[in-house]
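Undergrad: Once you've had a glance at the structure underneath, I'll fire off some questions.
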Amino acid sequence: MFTYSSVLRACGCVSHLVQLHSSIYKHGLESDVFVRSALIDAYSKWGLPQEALCVFDEMPTGDLVVWNSVISAFAQNSNGHEALHLFKRMKRAGFDPEQSSLTSVLSACTSLALLELGRQAHVHVFKYHQDLILNNALLDMYCKCGGVEDANTIFTRMADKDVVSWSTMIAGLAQNGYSREALKLFDSMKDSSTQPNYITLLGVLFACSHAGLVEDGWCHFRSMKKLYGIEPGREHYACMLDLLARAGKLNKAVELINEMGFEPDGAMWRTLLDGCRAHKNVDLAMHAAEQILKLNPQDAGSYILLSNIYANAGRWDDVAGIRKVMNEKGIKKQPGCSWIEVGKQIHTFVLGDGSHPQINEIKIQLESLIQRLVRAGYVPDLNFVLKDLEGEEQREDSLRYHSEKLAVVFGLMNLPKGQTIRIRKNLRICGDCHLFVKLATKLEKRTIVIRDPIRYHHFHDGACSCGDYW
1 MFTYSSVLRA CGCVSHLVQL HSSIYKHGLE SDVFVRSALI DAYSKWGLPQ
51 EALCVFDEMP TGDLVVWNSV ISAFAQNSNG HEALHLFKRM KRAGFDPEQS
101 SLTSVLSACT SLALLELGRQ AHVHVFKYHQ DLILNNALLD MYCKCGGVED
151 ANTIFTRMAD KDVVSWSTMI AGLAQNGYSR EALKLFDSMK DSSTQPNYIT
201 LLGVLFACSH AGLVEDGWCH FRSMKKLYGI EPGREHYACM LDLLARAGKL
251 NKAVELINEM GFEPDGAMWR TLLDGCRAHK NVDLAMHAAE QILKLNPQDA
301 GSYILLSNIY ANAGRWDDVA GIRKVMNEKG IKKQPGCSWI EVGKQIHTFV
351 LGDGSHPQIN EIKIQLESLI QRLVRAGYVP DLNFVLKDLE GEEQREDSLR
401 YHSEKLAVVF GLMNLPKGQT IRIRKNLRIC GDCHLFVKLA TKLEKRTIVI
451 RDPIRYHHFH DGACSCGDYW
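According to the UniProt record's numbering, the residues represented by the sequence shown are 1 to 470, in order.
Here it is as structure tokens:
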């Protein structure tokens, strides 16, 4: 049985794994805990968590080792919901969580940005309060779920910190809009004699990028090899490109692309295209979009972005040309989608989808809130509407029902007064929604946290942690 366990861990392809699985049954070893655990781990390694679950469910009785393996299988394969479901099953079966299962469930909460569930899992970690691996997992969970204050409390109380601890906290501060605090923490890390690594410097450059600290960013980037022996990688170049593009240093951004030792990917060109939109450089935008579409001809976002850049420049024939190409190729923009947790249930809002059971009441309350915000000075920013919509009224209607606005109003309607509203969304928050949420927090006296694919926005009393620089 130990031979099978070892061979399973070294298995080089799925077909061999299936053959080994058959051999295990043939020799009657399927009930052995170590063999079954190794089999679950092997299926997980190859991205087959459902097969791992089938192996688990065939067991006549559970075992903590096997429970840990199957929970880990789903957590590692980005299926946080199933990992959490299995964690609850394990507790109902009478098993106490240990380090392995807790690390997996914290990873699941992190992937789903479920802060409250993460806090519930934290309760089980107290007896391991000085376990470095679990403390690092807690730091990661709180930072990536928008609970940066909780993360900072844990970090401060940690008796032992390694490079993972420091790197996680630096990146967490930067992603939550506290870039200067992240850079101060980096200074403290160096004072502690902990050597920064590849990931640490990535967090530092991210902090510079999202605070517009161009000179600081260059200083850290250029000193990576000299001070720390770290060769800048693709991710470091991407951060620097983002820093330069955001700051309007578009020519410097192009120079950086040309000096890289590898070909830029679509994400890098998209970063440059975003900078061209913000700083109205049409010619460079055309070049960036051309490069993106060579790599991914179906990239709807780039078509839309270039169309709006043309529209802002008054090049309506070019706008019409892009829309024609999109229609001919059947390319459609990905709809905005937002999620909010209320009463242990995830509620989903999609632009143009009226299926939510409270949608009519939400729209009534949203209209009321908008009218109150307008009286307080809110003016819808029409720069964030597709330019092929005719008339100001139609364009305002398009802005009105963005998914995050629906989620915000739903949270105001259903969460207790004073409770923070936490929302996830699949697309970067637009400028109009950013302004809407800022003003809503001041009017409603409520904190709102929105996680988009890039970062967290912590809105409170009419301001955002990003400082309106995102």
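For glycine and all other residues, C-beta sits at the position ideal for the given N, C-alpha and C. Just so it is clear, the structure is predicted and the values come from calculations on it, not from any experiment.
For lysine 333, which residues in the same chain have their Cβ closer than 6 Å to its Cβ, ignoring the five residues on either side in sequence?
TA: Position 333 of the sequence shown, counted from the first residue, corresponds to residue 333. Cβ within range, chain order: Ala300 and Ile304.
Undergrad: Mind pulling the alpha helix (DSSP H) runs of 4 or more residues that sit fully within the stretch 30–101?
TA: Listed in chain order, they are 33–45, 49–57, 64–76 and 80–92.
Undergrad: Going by alpha carbons, who is nearest to serine 403 out of Leu415, Lys161, Met224 and Leu366?
TA: The residue given as residue 403 occupies position 403 in the sequence shown. When only C-alpha atoms are compared, the closest one is Leu366.
Undergrad: In terms of residue numbering, what span does the alpha helix (DSSP H) encompassing serine 209 cover?
TA: Along the sequence shown, read from residue 1 onward, the residue named residue 209 stands at position 209. Element bounds for serine 209: 198–209.
Undergrad: Suppose you measure from the CA of isoleucine 322 to the CA of leucine 435; what does that come to, to the nearest Å?
TA: Taking the sequence shown and counting its residues from 1, the one referred to as residue 322 is at position 322. Taking the sequence shown and counting its residues from 1, the one referred to as residue 435 is at position 435. Taking the straight line from one Cα to the other gives about 29 Å.
Undergrad: Just to confirm, does isoleucine 362 get its C-beta within under 7 Å of one of the non-hydrogen atoms of the ligand ADP?
TA: No copy of the ligand ADP occurs in the structure displayed, which carries no ligand at all.
Undergrad: At what residue ranges does the UniProt repeat "PPR" (162–196) contain a whole run of the alpha helix (DSSP H), taking only runs of 4 or more?
TA: Taking only runs of at least 4 residues, the alpha helix (DSSP H) segments lying wholly in the UniProt repeat "PPR" (162–196) are 163–175 and 179–191.
Undergrad: On a CA-only basis, which of Gln291, Trp166, Val342 and Cys208 is nearest residue 510? Give me that one, please.
TA: With the chain covering only 1 through 470, there is no way to say anything about residue 510.
Undergrad: Give the straight-line distance between the Cα atoms of asparagine 296 and methionine 268, rounded to the nearest whole angstrom.
TA: Here the question's residue 296 lines up with position 296 in the sequence shown. Here the question's residue 268 lines up with position 268 in the sequence shown. Approximately 13 Å, taken between the alpha carbons.
Undergrad: If we call anything under 8 Å between Cβ atoms a contact, is valine 14 one with tryptophan 46?
TA: Counting from one through the sequence shown, the residue named residue 14 turns up at place 14. Counting from one through the sequence shown, the residue named residue 46 turns up at place 46. Closer than 8 Å, so yes.
Undergrad: Helix, strand or coil: how does DSSP classify lysine 280 here?
TA: Reading the sequence shown from its first residue, position 280 is the one you call residue 280. Here lysine 280 sits in coil by DSSP.
Undergrad: Are the stretch 348–358 and the stretch 314–329 in contact at 8 Å, needing three or more beta carbon pairs?
TA: No, the stretch 348–358 does not touch the stretch 314–329.
Undergrad: Should the stretch 420–440 be called in touch with the stretch 330–344, which here means at least 3 C-beta pairs below 8 Å?
TA: Contact between the stretch 420–440 and the stretch 330–344 is present, because at least three Cβ pairs lie under 8 Å.
Undergrad: Taking tryptophan 339 as part of the beta strand (DSSP E), name the residues at either end of that continuous run.
TA: Residue mapping note: residue 339 aligns to position 339 of the sequence shown, counting from 1. Start and end: 337–342.
Undergrad: Does DSSP classify glutamine 345 as helix, strand or coil?
TA: The count along the sequence shown starts at 1 and reaches residue 345 at position 345. Looking at glutamine 345 - three-state DSSP - the assignment turns out to be strand.
Undergrad: If we define contact as Cβ-Cβ less than 8 Å, is tryptophan 218 a contact residue for chain D?
TA: No chain D is present in this structure, which holds just one protein chain.
Undergrad: Assign arginine 428 to one of three DSSP states: helix, strand, or coil.
TA: Taking the sequence shown and counting its residues from 1, one reaches residue 428 at position 428. Three-state result, arginine 428: coil.
Undergrad: Identify which residue in Leu114, Glu98 and Gly467 has its Cα closest to the Cα of tyrosine 128.
TA: Indexing the sequence shown from 1 puts residue 128 at position 128. Per the Cα distances, Glu98.
Undergrad: Measure the beta-carbon distance from threonine 168 to leucine 134 and round it to whole angstroms, keeping in mind my assumption that it falls under 8 Å.
TA: The count along the sequence shown starts at 1 and reaches residue 168 at position 168. The count along the sequence shown starts at 1 and reaches residue 134 at position 134. Threonine 168 to leucine 134, Cβ: 13 Å. No contact.
Undergrad: Grouping DSSP H, G and I as helix and E and B as strand, with all else coil, what is valine 449?
TA: Along the sequence shown, one-based indexing puts residue 449 at 449. In this structure, valine 449 counts as strand in the three-state DSSP scheme.
Undergrad: Taking only the alpha-carbon atoms, compute the straight-line gap between cysteine 23 and valine 33 and give it to the nearest angstrom.
TA: The count along the sequence shown starts at 1 and reaches residue 23 at position 23. The count along the sequence shown starts at 1 and reaches residue 33 at position 33. Checking the sequence shown, residue 23 turns out to be serine, not cysteine. Cα-Cα distance, rounded: 16 Å.
Undergrad: Let me check one thing: in DSSP terms, what residues is valine 350 bridge-paired to?
TA: Taking the sequence shown and counting its residues from 1, the one referred to as residue 350 is at position 350. Answer is Cys337, bridged to valine 350.
Undergrad: Where does tyrosine 456 sit, in a helix, a strand or coil, going by DSSP?
TA: The sequence position of residue 456 within the sequence shown is 456, counting from 1. Tyrosine 456: strand per DSSP, three-state reduction.
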